[in-house]
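Peer 1: The working numbering applies: residue 426 is where the sequence shown begins, and numbers increase by one.
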Amino acid sequence: MEFDFNLPGLGRPKSSRPERVAEAIHQELSILLQQKVRDSRLNGVCVSKVQMSPDLKRAKVYYSLLEGSSASAARKGLERARGFFRSHIAKIMNLRYTPDLVFFFR
426 MEFDFNLPGL GRPKSSRPER VAEAIHQELS ILLQQKVRDS RLNGVCVSKV
476 QMSPDLKRAK VYYSLLEGSS ASAARKGLER ARGFFRSHIA KIMNLRYTPD
526 LVFFFR
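The following block contains the structure:
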């Protein structure tokens with residue numbers, strides 16, 4: 426008699442490491458933008474999605490803006506704060522490589 430324990434809905438949900446890392450980076454960036462960043466150009470920026478490359482060396486960060494925010498100013502602010510974001514991620518997360526952050530307006 427054989428038993429199949431791989432029934433749908435049972436056990437841990439399938440989640441790949443890039444998805445878990447992307448979710449953690451999404452949370453960290455959201456917290457940083459709300460609490461730590463003092464650049465006024467980033468006041469209306471909201472991180473909407475993060476996608477990791479399979480090797481975890483690159484993170485595509487998709488962001489949106491609240492009304493009244495300038496897209497070009499926000500992009501410049503994000504580029505300026507990229508090093509701050511990366512250093513914070515390196516301190517908080519246990520990764521071999523700190524991913525390069527690439528920002529995309531959504």
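We put the CB at the ideal spot given by N, CA and C, even for glycine.
Please determine, among Arg463, Leu503, Leu467, Lys485, the residue with the shortest C-alpha to C-alpha distance to Glu444.
Peer 2: Of Arg463, Leu503, Leu467, Lys485, the residue nearest in Cα terms is Lys485.
Peer 1: So, at 6 angstroms on beta carbons, what are the nonlocal neighbours of Tyr532 in its own chain, with the 5 sequence-adjacent residues on each side left out?
Peer 2: Because the chain in this structure spans residues 426 to 531, residue 532 falls outside the shown range and cannot be described.
Peer 1: Helix or strand or just coil, what does DSSP make of Lys482?
Peer 2: DSSP places Lys482 in coil when its eight states are reduced to three.
Peer 1: Tell me which residue opens and which closes the alpha helix (DSSP H) that Val462 is part of.
Peer 2: Looking at the DSSP string, Val462 is not in any alpha helix (DSSP H), and its letter there is neither H nor E.
Peer 1: Please tell me whether Gly469 and Leu491 are closer than 7 angstroms, where the distance is taken between their beta carbons.
Peer 2: Contact flag set, yes.
Peer 1: Given a threshold of 16 other Cβ atoms within 10 Å of its Cβ, counted over all protein chains shown, does Ala515 qualify as buried or as exposed?
Peer 2: With fewer than 16 other Cβ atoms within 10 Å, it is exposed.
Peer 1: Run through DSSP, which three-state label would Leu454 get?
Peer 2: Here Leu454 sits in helix by DSSP.
Peer 1: Since Ala449 and Met518 should fall inside the 8 angstroms C-beta cutoff, what is the C-beta to C-beta distance between them, to a whole number of angstroms?
Peer 2: Ala449 to Met518, Cβ: 6 angstroms. Contact.
Peer 1: Could you spell out the range, first to last residue, of the alpha helix (DSSP H) harbouring Asp526?
Peer 2: For clarity, residue 526 is Leu in the given sequence; the question names Asp instead. Element bounds for Leu526: not the alpha helix (DSSP H) but the beta strand (DSSP E), 525 to 530.
Peer 1: Would you tell me roughly how many angstroms separate the C-alpha atoms of Gly508 and Asp525, rounded to the nearest one?
Peer 2: Roughly 9 angstroms separates the two Cα atoms.
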